[in-house]
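Each residue of the sequence shown is one higher than the one before, counting from 1 in full-length UniProt numbering.
Glycine residues also receive a C-beta, built at the ideal position from the N, C-alpha and C atoms.
Below is one structure, written out as structure tokens, with a few remarks after it.
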Amino acid sequence: KMSSGAADLRQRKKQNCTESDKMAPDERNKENSKLGRSPKYMLIQRFAKLFFGCLAAVTSGMMYAVYLSTYHERKFWFSSRQELEREITFQGDSAIYYSFYKELLKAPSFERGVYELTHNNKTISLKTINAVQQMTLYPELIASVLYQASGSEEVIEPVYFYIGIVFGLQGIYVTALFVTSWVMSGTWLAGMLTVAWFIINRTDTTRIDYSIPSRENWALPYFACQVAALTGYLKKNLNCSAEFCYLLVNASTYTFMMMWEYSHYLLFVQAVSLFLLDSFALAQTEKVHEVYRIYLLSLIGGYLLQFENSALLVSPLLSLVVALMLSKSLQMNMKKSTFVSRLLKIMYIYLVLTVAVTLNFLLKMIIPHKENEHLLKFIEVKLGLNTTKNFTMNWLLCQESLQAPSQDFFLRLTQSSLLPFYILVLIICLFSVTQVIFRRICGEPLKETVKLEDGRIGERPEIVYHVIHTILLGCLAMCLEGMKYLWTPYVCMLAAFGVCSPELWMTLFKWLRLKAVHPILLALILSMAVPTIIGFSLWKEFFPRIMTELTELQEFYDPDTVELMTWIKRQAPVAAVFAGSPQLMGVIKLCTGWMVSSLPLYNDDDLLKRNENIYQIYSKRSAEDIYKILTSYKANFLVIEDSICNEVGPVRGCRVKDLLDIANGHVVCEEGDNYAYSKYGRFCHEIKMNYSPYVNYFTRVYWNRSYFVYKINTVISFQS
Numbered sequence: 001k002m003s004s005g006a007a008d009l010r011q012r013k014k015q016n017c018t019e020s021d022k023m024a025p026d027e028r029n030k031e032n033s034k035l036g037r038s039p040k041y042m043l044i045q046r047f048a049k050l051f052f053g054c055l056a057a058v059t060s061g062m063m064y065a066v067y068l069s070t071y072h073e074r075k076f077w078f079s080s081r082q083e084l085e086r087e088i089t090f091q092g093d094s095a096i097y098y099s100f101y102k103e104l105l106k107a108p109s110f111e112r113g114v115y116e117l118t119h120n121n122k123t124i125s126l127k128t129i130n131a132v133q134q135m136t137l138y139p140e141l142i143a144s145v146l147y148q149a150s151g152s153e154e155v156i157e158p159v160y161f162y163i164g165i166v167f168g169l170q171g172i173y174v175t176a177l178f179v180t181s182w183v184m185s186g187t188w189l190a191g192m193l194t195v196a197w198f199i200i201n202r203t204d205t206t207r208i209d210y211s212i213p214s215r216e217n218w219a220l221p222y223f224a225c226q227v228a229a230l231t232g233y234l235k236k237n238l239n240c241s242a243e244f245c246y247l248l249v250n251a252s253t254y255t256f257m258m259m260w261e262y263s264h265y266l267l268f269v270q271a272v273s274l275f276l277l278d279s280f281a282l283a284q285t286e287k288v289h290e291v292y293r294i295y296l297l298s299l300i301g302g303y304l305l306q307f308e309n310s311a312l313l314v315s316p317l318l319s320l321v322v323a324l325m326l327s328k329s330l331q332m333n334m335k336k337s338t339f340v341s342r343l344l345k346i347m348y349i350y351l352v353l354t355v356a357v358t359l360n361f362l363l364k365m366i367i368p369h370k371e372n373e374h375l376l377k378f379i380e381v382k383l384g385l386n387t388t389k390n391f392t393m394n395w396l397l398c399q400e401s402l403q404a405p406s407q408d409f410f411l412r413l414t415q416s417s418l419l420p421f422y423i424l425v426l427i428i429c430l431f432s433v434t435q436v437i438f439r440r441i442c443g444e445p446l447k448e449t450v451k452l453e454d455g456r457i458g459e460r461p462e463i464v465y466h467v468i469h470t471i472l473l474g475c476l477a478m479c480l481e482g483m484k485y486l487w488t489p490y491v492c493m494l495a496a497f498g499v500c501s502p503e504l505w506m507t508l509f510k511w512l513r514l515k516a517v518h519p520i521l522l523a524l525i526l527s528m529a530v531p532t533i534i535g536f537s538l539w540k541e542f543f544p545r546i547m548t549e550l551t552e553l554q555e556f557y558d559p560d561t562v563e564l565m566t567w568i569k570r571q572a573p574v575a576a577v578f579a580g581s582p583q584l585m586g587v588i589k590l591c592t593g594w595m596v597s598s599l600p601l602y603n604d605d606d607l608l609k610r611n612e613n614i615y616q617i618y619s620k621r622s623a624e625d626i627y628k629i630l631t632s633y634k635a636n637f638l639v640i641e642d643s644i645c646n647e648v649g650p651v652r653g654c655r656v657k658d659l660l661d662i663a664n665g666h667v668v669c670e671e672g673d674n675y676a677y678s679k680y681g682r683f684c685h686e687i688k689m690n691y692s693p694y695v696n697y698f699t700r701v702y703w704n705r706s707y708f709v710y711k712i713n714t715v716i717s718f719q720s
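Below you can see the structure in the form of structure tokens.
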């Protein structure tokens, strides 16, 4: 049934395309004869507009990629540093991703490298993991294949090739946003404004500065391409391009799902947007259900290629799509413009939501899964539905990316004029969509083609989709600051589309009922004048700052970490296992290749428990307790970071040692103040004193200003 439905839809698209091709010449000739223009002139004009628009889109993407590369070089002095110093710039989970890329390149063959990653027992002590599945290493697999297949070994160093691909993808990201705004507004001036706002608000649109190899930097460009293709696919007057857009949505959706373990959650938000769009009959039902089929096929393909990833089977996306498929028959039987049909529409929405929730609950009961249970616990605590003393949960709640956005975030968006124009565009579009929904409830059909003089921007399905989508992403961004990297790029796109769209201004003038000036003429003038004024003001205020960023030499140098890594490579045994904070262990694994006892990964319950146990080196526990914990993971060396041990955080109660004291019950409340209390001193302080019983279990072998390295004794001496 799915294949036959897809075939019918494609046939309808071809028929529409051929019909439009047959009808178009006569209509164009009539219009052109009235305007005194020949069809040849119009064809040249359209080709020129398309050519220069595509040139501007591609140029914007390339310039942004060059900008990122130049800024990265100025910030880290990458070209003048040794390999070890370059690798230290990858921090936390970024270090882990790049370390596996290095291992793939060192493997005797690609097949052997993939096998070692899927049966990896050289990274975490006493643990064999499928690194490709657990850490979503498909970007590294692709990068290593491209590096070796293209013969780049003699041309470019592996690190430059790797970060070059990521910067190139960011260029594609910007190009996709450009095209989306262009398709919606009809002018590539909107695309230029989108790119300008994106770059100016780079602090809030991307995390590329802080974490180059992070999964979202690999995945979000594909999602932007999918959104651009979906925008074209939903448009009413793009019949001939619908097939291309459909194929692009297919390819980009599946690629996006393979690049990021949390991609199905973002696709779920998109699916909810399409569900609401279809529920109010604001888009062609056949097109929307074709997108649902794409989701379903991508989930099945992802499940198979991600080593039967059970998280995809219990994802809310799958439950919603299946519920929509099951409920489609009820919607198909509805008659238009009747009271019964409106009643059935309400029942349809209720039925879909009920079936989706029930199905998801049943799947979670039937299918064993542990991957994302900590997310549900986190959401409960975040919403105030539960309280916990658990170290991991409280540590996550203290992360800046999981806090509510600060006032500085809104201030930055306001200073760049992005937020005010976004709110203006959103209000106009929302009111127009509300009007359209009210007309639909009253039984008035949608117009086949919406003209400029109609002033009904809310009848365009692609506009309604983007309005719903940005509202949903905005609600998430208001709860978690990390979600702003998903929301702000589409704020840039929607705001740029709005100020450059004559239809939006015409919609506003229809409400105001202007009579002194011809509204169509005024709408056309404002759609050119307003973005031009915005562009010049942004250029005057922010272009000098961007140039200063590129010309100002910064210095990132961490001599203590370089000395530590050098000592490990020269002095530590090859079979040694290191223990310490997960963030530092990621850097040690990358720079030295030595085995570690924990990693900065938060999608595995066992690793989360390991991280909490090893963090006890900063708690008020006895030397014997710490020794037992470390030896249970076969650790040979312990690395203590002075920055964590003597941390003076801006928020008391969010320091690692504070969270450990709470989890261990070492906090006493007196007269509203919290005091840490234990019969043992803080381990990371006491071990530096070199007295018994600490010297019985640990021997200091290296130290500098930031790090203290202790050998864990295999034979314990109890002499004082």
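Measuring CB to CB, does residue i end up less than 9 Å from residue j?
i: residue 277; j: residue 461; result: yes
i: residue 597; j: residue 641; result: no
i: residue 486; j: residue 494; result: no
i: residue 586; j: residue 99; result: yes
i: residue 88; j: residue 599; result: no
i: residue 499; j: residue 584; result: no
i: residue 307; j: residue 118; result: yes
i: residue 230; j: residue 291; result: yes
i: residue 620; j: residue 661; result: yes
i: residue 146; j: residue 172; result: no
i: residue 492; j: residue 467; result: no
i: residue 394; j: residue 590; result: no
i: residue 392; j: residue 608; result: yes
i: residue 684; j: residue 644; result: yes
Would you kindly report the start and end of the unbroken beta strand (DSSP E) that includes residue i?
i: residue 222; result: Here residue 222 belongs to no beta strand (DSSP E); instead the alpha helix (DSSP H) covers 215–234.
i: residue 699; result: 698–703
i: residue 707; result: 707–712
i: residue 579; result: 577–579
Excluding five sequence neighbours on each side, which residues of the same chain lie with their C-beta closer than 7 Å to the C-beta of residue i?
i: residue 563; result: 704
i: residue 324; result: 275, 292 and 352
Check for me: the alpha helix (DSSP H) holding residue i runs from which residue to which?
i: residue 641; result: Run containing residue 641: none in the alpha helix (DSSP H); it sits in the beta strand (DSSP E), 637–641.
i: residue 83; result: 83–88
i: residue 191; result: 188–200
i: residue 140; result: 138–149
i: residue 439; result: 418–441
i: residue 573; result: Neither: residue 573 is in no alpha helix (DSSP H) and is coded neither H nor E.
i: residue 476; result: 461–479
State the Cα-Cα distance for the pair residue i and residue j, rounded to the nearest angstrom.
i: residue 506; j: residue 432; result: 11 Å
i: residue 385; j: residue 264; result: 25 Å
i: residue 646; j: residue 409; result: 30 Å
i: residue 574; j: residue 592; result: 10 Å
i: residue 254; j: residue 170; result: 19 Å
i: residue 709; j: residue 693; result: 17 Å
i: residue 633; j: residue 471; result: 47 Å
i: residue 9; j: residue 286; result: With a pLDDT of 48 at residue 9, under the threshold of 50, the modelled position of this residue cannot be trusted; read the value that follows with caution. Going by the C-alpha atoms only, they are around 7 Å apart.
i: residue 544; j: residue 52; result: 27 Å
i: residue 711; j: residue 128; result: 25 Å
i: residue 33; j: residue 267; result: Low confidence applies to residue 33: its pLDDT is 46, below 50, so where it sits in the model is not reliable, and the reading given next is rough at best. Straight-line Cα distance between these residues: approximately 47 Å.
i: residue 76; j: residue 210; result: 12 Å
i: residue 625; j: residue 289; result: 58 Å
i: residue 206; j: residue 484; result: 9 Å
i: residue 451; j: residue 248; result: 28 Å
i: residue 46; j: residue 396; result: 53 Å
Return the chain-ordered list of same chain residues with a C-beta closer than 6 Å to the C-beta of residue i, the five sequence neighbours on each side being excluded.
i: residue 413; result: 419
i: residue 69; result: 167
i: residue 269; result: 472
i: residue 601; result: 607
i: residue 221; result: 169, 172 and 173
Less than 8 Å between the CB atoms is what I'm expecting for residue i and residue j, so what's the real figure, rounded?
i: residue 73; j: residue 79; result: 6 Å
i: residue 250; j: residue 294; result: 5 Å
Can you list, in chain order, the residues of its chain whose CB lies under 8 Å from that of residue i, leaving out five sequence neighbours each side?
i: residue 138; result: 132, 258 and 259
i: residue 130; result: 117, 118, 119, 120 and 307
i: residue 713; result: 696, 697, 698 and 699
i: residue 566; result: 84
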